[in-house]
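Working notes, structure below.
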Amino acid sequence: MHGGASLQEVVVPLLKIVKKKVDTLRLVDIDLIKTFDRITTNIVAVSFWQQEAIGDRVQPRQIRAAFFAEDSTLLSDQFLYLFDSTETAERLRETKHRFQLTQKAGIFYNNQSIILRLEEPIDGTSQWKTYRTFNFLLTIAFTNDFDNF
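What the sequence shown shows, in the numbering used here, is residues 366 to 514, in sequence order.
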């Protein structure tokens, strides 16, 4: 006997390690339900689809979408949306928006390729970066005379 129990003999150390795998967390992917590749009117209905439900490993994604000419001229209104649906049914993760093309689009960019650009915010800044792009051919037969109303 050496005179009593020491601290190492009485107390059992317990460590709790919590490790979050950063590499397994990712943002949800967004796609279009694209049924056409030609735009013939000033109002364009677009269906966005969140590819999977938000969960422990899949995080929401915010996008800003708009139509642009190839020279980066804005040709429509901008659509801002946070895709954060937890629905398991695919049909319930669909979001629709009706883009209004500007009069300038039909006059200066008719019979040209235009781009639907989806952008996401850059963390910690007020800037946006391109997430995905989709090409369309703009072929408007006549322009809308009531765009200014």
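Cβ atoms here follow ideal geometry from the backbone N, Cα and C, with glycine treated the same way.
Check: Option in 391, 417, 444, 369 with minimal Cα separation from residue 466; Outcome: 444
Check: Which of helix, strand or coil DSSP assigns to residue 393; Outcome: coil
Check: Nearest-angstrom Cα separation, counted from residue 389 out to residue 450; Outcome: 19 Å
Check: Nearest-angstrom beta carbon gap, residue 392 and residue 412 [assumed within contact, 8 Å]; Outcome: Contact doesn't hold; Cβ gap of about 20 Å is too wide.
Check: Cutoff 8 Å; reference residue 427; Cβ partners in own chain excluding five residues on either side; Outcome: 445, 446, 447, 448, 485, 486
Check: Segments of 4+ residues assigned as alpha helix (DSSP H) that fall wholly inside the segment 460-494; Outcome: 468-473
Check: Exposure of residue 403, with buried meaning 16 or more beta-carbon neighbours within 10 Å; Outcome: exposed
Check: Residue closest to residue 437, alpha-carbon to alpha-carbon, out of 370, 498, 369, 506; Outcome: 498
Check: With 16 other Cβ atoms within 10 Å as the buried cut-off, status of residue 479; Outcome: buried
Check: Where the beta strand (DSSP E) through residue 411 begins and ends; Outcome: 408-415
Check: Residue 503, DSSP secondary structure in three states; Outcome: strand
Check: Beta-carbon proximity list for residue 424, same chain, < 8 Å, skipping 5 on both sides; Outcome: 390, 391, 392, 393
Check: Limits of the beta strand (DSSP E) - the one that residue 427 falls within; Outcome: 426-434
Check: Best match in 481, 476, 496, 452 for proximity to residue 505 [C-alpha to C-alpha]; Outcome: 476
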